[in-house]
Amino acid sequence: MAWVNAIIQGILTGGLYALFACGLSLMFGVMKVVNLAHGDLAVVAGYIAIGVITVTHVPVLWSFVIVVPIMAVLGYVLQRTLIQSALDRSVLTTLLVTFGLSVVIENGLLQFFTANSRGIGANLALVTGAFTIGSQISIAYLLLLIFAVAVAVLLGLQYFLSRSKYGRLIRAVADDKEAAQLAGADYRHVFGIAAAVAFATVALGGIAFGMYSDLDPTTGTDTILLFAFAAVVIGGLGSLWGTLLGGIVLGVAQQIGAQINISDELLAGYIVFLIVLVLRPQGLISRGVQSS
Amino acid sequence: MSASAASGNEVRGDRAADGTPLLEVRDLVVHHGQLMALDAISLRVLPGEVYAIIGANGAGKSTLLRTIAGLHHPTSGSVLYDGKDVTGLRPERRATQGIVMVPEGRRLFGSLSVEENLKVGATYARQGPWTMERVYEMFGWMRERRNQPTAQLSGGEQQAVAIGRALVANPRVLMLDELSLGLAPVVVQRIYGMLPQILGTGLTVLLVEQDVSQALRVASHIQCLLEGRTTLEGKPSDVTADQVEAAYFGLAGTAASPAGEESEA
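Protein chains in written order, with the numbering used here: chain A, -1 to 290; chain B, 184 to 448.
The following block contains the structure:
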């Protein structure tokens, strides 16, 4: 029963990881940008949520209504300025620039908010509550909610990319930037839209993580970015649903590792990550909206 | 007006009186790195005509079209469209103003269906006669295969989609870069057979073609490039096969041609 529980917990945690990973995957798939500041931006979103909740007293769960648009605008602006100017030089430059951004964000947060960790809505019944199935399986309401949000986000992204005007332009630009220009599309603007969407998912990931665990200035690089990376690589670069599959595989591996020995949780996840890298470097789902 | 064979810059002149050009290129110089791809090319495309640029591989034809589309930045010279200087304009701005190119190799969006390719072309379209419906009417097979990925189409079908994608933008100047490349002659014939229908809607066509006989058949004006320079220009009816051959291969004045022929060319 303990193993069943581990697998269920792993699957649910996979939803959280998918929430981290889908934005990373989208930015890579469309712009070929590996955003090393991805995790830090999730932490920023979490801190903004804490600020918004404290100042405006909006219910914790509704904080995303304010935080998501803020992050989306930030995504558009960052893409059109910092990231685009790096892209104009070379794709490699974007690695350096986003790494720099990551360092700046982390130290900025340390400077202004100290190294103390903070949670979001830690006293909420939803955050602490769980229901039990039988005697051994306990399912946290929050994890279930996060999983549902992740699935909803992926469905929404799929619908957006396949049906909407900008989704179509994003795929077109990912396929062939120059041909898109010849069709009258300003690819920089389209990149900005893609980044805005990616950052919106980052906002949800940051808030979700703040409720699930605690945020501190280093959470972004030592947890969120690593898990997002692992989920993307396991699932397959550029594949949306691959991020959910990758997240689930990572989550289950971690939980099973923890079952064997509590200190092996993270190690087990990375071992699976390495195995996939060696045996199936294209990821479990290799086809993507943007694989070209 | 007679054909003028010329070297370098003295090709303009007699066409100046023909009216206001819709598209004009003045002394365009383009470099690829150190290499000079275009050396002071000029041309005037009048409204409603089919203007063909011919020349061998590496003559600079595609570079010329891509520079007009805004994908290359010229070292010097200018591109004028409808009387306005568009040399500094980004490619997407030129497209939305009516200069639309069907690029060499078709360059369809591979992860998009036929219809989605057309929809992207129509996203920033100008007002005009061309709609997706009209494209479907012109290429009968396309409607029922509109949901297929473009990778499943033959080369000729892909070329048709590429043309359709350009047409739904409602261009005033349609630039066609090497339509015949990699296609069977029958298919090429069929695609060029569509040209009258396209011209009937008031478009102006500027095309680049390696297949000289095809170009001579459809063009109202031809210009031959050789190593980035204009070697021949005129109406197809005014140029002889020998002149074209000489201009195409750069034979005029070489040791291979019999004495006395230079003056004729």
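For each residue, glycine too, the CB sits at the ideal point set by N, CA and C.
Across the region 388 to 405 of chain B, no CB contact with chain A closer than 9 angstroms is found for any residue.
Each residue's CA atom was taken as its position, placing B/G241 and B/T333 some 29 angstroms apart. Not a single CB atom of chain A sits nearer than 7 angstroms to the CB of B/S363. At least one CB atom of chain A sits nearer than 7 angstroms to the CB of B/V303. One alpha carbon belongs to A/L99, the other to A/D174, and they sit about 28 angstroms apart. By the Cβ criterion, the region 106 to 117 of chain A is in contact with the region 211 to 227 of chain A, since at least three pairs of Cβ atoms, one from each stretch, lie closer than 8 angstroms.
Closest option to A/N121, judged by alpha-carbon separation, among A/A172, A/V151, A/V58 and A/R161: A/V58. Listed along chain B, no residue sits closer than 9 angstroms to A/Q280 by beta-carbon distance, the nearest being about 16 angstroms off. Residue-level contact by beta carbon fails for B/E298 and chain A, as no gap is shorter than 7 angstroms. Beta-bridge partners of A/I137 (DSSP): A/F129. One thing to note: B/E299 has its Cβ no nearer than 7 angstroms to the Cβ of A/D184.
With a threshold of 7 angstroms between beta carbons, A/Q179 makes contact with chain B. Listed along chain B is no residue with a C-beta nearer than 7 angstroms to that of A/R78; the closest approach is about 15 angstroms. Boundaries of the beta strand (DSSP E) harbouring B/S225: L218 to V228, taken from the DSSP string. For B/T279, the nearest CB of chain A lies under 7 angstroms from its own CB, placing it at the interface with that chain. Assigned with DSSP and collapsed to three states, B/H404 falls in strand. The three-state reading of DSSP puts B/E299 in helix, counting H, G and I together. Under the Cβ criterion (8 angstroms, minimum of three pairs), the region 244 to 252 of chain A counts as touching the region 222 to 229 of chain A. For the 7 angstroms CB-CB criterion, B/I374 and B/Q342 form a contact. Taking C-beta atoms as the reference points, B/T246 and B/L206 fail to come closer than 7 angstroms. Contact fails between the region 365 to 373 of chain B and the region 346 to 355 of chain B, because fewer than three Cβ pairs, one in each stretch, are under 8 angstroms apart.
Comparing alpha-carbon positions, the option among A/F207, A/S160, A/H187 and A/L10 lying closest to B/K302 turns out to be A/S160.
Within chain A, the residues R166, R169, A170 and D173 have their CB atoms less than 9 angstroms from the CB of B/L295, given in chain order. Put simply, the backbone Cα of B/T387 is about 34 angstroms away from that of A/D86. Nearest CB-CB separation between A/A192 and chain B: not below the 7 angstroms threshold. Per DSSP, B/Y307 lies in no alpha helix (DSSP H) segment and is marked neither H nor E. One Cα belongs to B/I282, the other to B/L248, and the distance between them is close to 10 angstroms. Put simply, the backbone Cα of B/M321 is about 17 angstroms away from that of B/V285. Here the C-alpha atom of A/F18 lies approximately 16 angstroms from the C-alpha atom of A/L142. Under the 7 angstroms criterion on CB atoms, A/D184 is classed as interfacial with respect to chain B. Residue B/T258 holds the alpha-carbon nearest to the alpha-carbon of B/I224 among B/T258, B/E232, B/M315 and B/G339. With respect to chain A, the C-beta atom of B/E275 has a partner C-beta closer than 7 angstroms. Among the residues of the region 153 to 164 of chain A, those with a Cβ less than 7 angstroms away from any Cβ of chain B are K163, in the order of the chain.
Counting along the chain, B/M377 sits inside no beta strand (DSSP E), nor does DSSP assign it H or E at all.
Distances from the alpha-carbon of B/V356 to those of B/G202, B/H214, B/Q217 and B/V228 put B/V228 closest. For A/L94, there is no enclosing beta strand (DSSP E); the residue is part of the alpha helix (DSSP H) that begins and ends at V89 to F111.
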